[in-house]
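Counting the sequence shown from 1 gives a position; the numbering used here is that position plus 11. Beta carbons are placed, not taken as given, at the ideal position from N, Cα and C, and that holds for glycine.
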Amino acid sequence: LQTRQDELFWDVGTAGYFSAPHQSNLILRLKEDQDGAEPGGNSVACQNLLRLGAMLDRAEYRDKAAKLLASFTSRLNNVPISLPQLTSALMLHHDSPTLITVTGRPDDTETAALLSVVRSRYIPGRVLILADSNPSSIVYRNSETVQRMKPCDGHQSAYVCKNRTCSLPVHTPHDLAALLDPASA
């Protein structure tokens, strides 16, 4: 979906996404530069690029998000309140998403317990991946990192990654909670 959006709407010249695909009969193609009751397309796309970049460890997505943010620098500096979702994306860009990968199937009790720990916490910029080793999964097919994350010693595992550096695998809800809440450990 991201690839198709890029093909139809990406502005190669100055970065950002147009609100309409290229058509020869259009006199003007606009880019949304404010978030109203609904976030603007550029804001949502920037969040998507950052999250996909983290999930798939793809620099081209992170780079495209950086270009998009740079193209809105003036607007973000002068009137940040007009782009709250893009401001949130800017914060995510500067503070790298927390990528949490849990191995196993969702109906496995160990996996469910680990997922419950993650879902019970507010972690801004969190990206949660279930690595169930399903070769038809888009994330599994496109991420060598996720393909390497497997259960260890017969137990489901959780990995917490920040700034492209991952923790050693943990296997219990208590150990995962300690990783996610370092102040309480």
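Which of the three DSSP states, helix, strand or coil, is assigned to residue i?
i: Y28; result: strand
i: V171; result: strand
i: I92; result: helix
i: A142; result: strand
i: L126; result: helix
i: A196; result: The pLDDT assigned to A196 is 49, lower than 50, so where the model puts this residue is not dependable; a value taken from the coordinates is nonetheless given after this. If DSSP states are grouped into helix, strand and coil, A196 belongs with coil.
Evaluate residue i with the Cβ neighbour count: other Cβ atoms within 10 Å of its Cβ, from every protein chain shown; 16 or more gives buried, anything less gives exposed.
i: V171; result: buried
i: I111; result: buried
i: S168; result: buried
i: A196; result: For A196, the pLDDT reaches just 49, beneath the cut-off of 50, and the residue's location in the model is therefore unreliable, although a value from the coordinates is still provided. With fewer than 16 Cβ atoms within 10 Å of its Cβ, A196 is classed as exposed.
i: M102; result: exposed
i: G165; result: exposed
i: R159; result: exposed
i: V197; result: With the chain covering only 12 through 196, there is no way to say anything about residue 197.
i: G115; result: buried
i: Q34; result: exposed
i: E43; result: buried
i: V90; result: exposed
i: P180; result: buried
Residue i and residue j: beta carbons closer than 7 Å?
i: V128; j: L139; result: no
i: T25; j: S85; result: no
i: S99; j: N174; result: no
i: L63; j: A76; result: no
i: G27; j: L94; result: no
i: V113; j: T120; result: no
i: R132; j: L190; result: no
In the DSSP output, which residue or residues are listed as bridge partners for residue i?
i: M181; result: The question names Met, but residue 181 is Val in the sequence shown. Its beta-bridge partners are A169.
i: I111; result: L139 and V171
i: T176; result: K173
i: C259; result: With the chain covering 12 to 196 only, the question about residue 259 has no answer from this structure.
Hey, could you find the ends of the beta strand (DSSP E) residue i is sitting in?
i: I134; result: Note, I134: premise wrong, no beta strand (DSSP E); not H, not E.
Check for me: the alpha helix (DSSP H) holding residue i runs from which residue to which?
i: K75; result: A70 to S82
i: E43; result: Premise fails: E43 is in no alpha helix (DSSP H) and is neither H nor E.
i: L19; result: Q13 to F20
i: R152; result: I149 to N153
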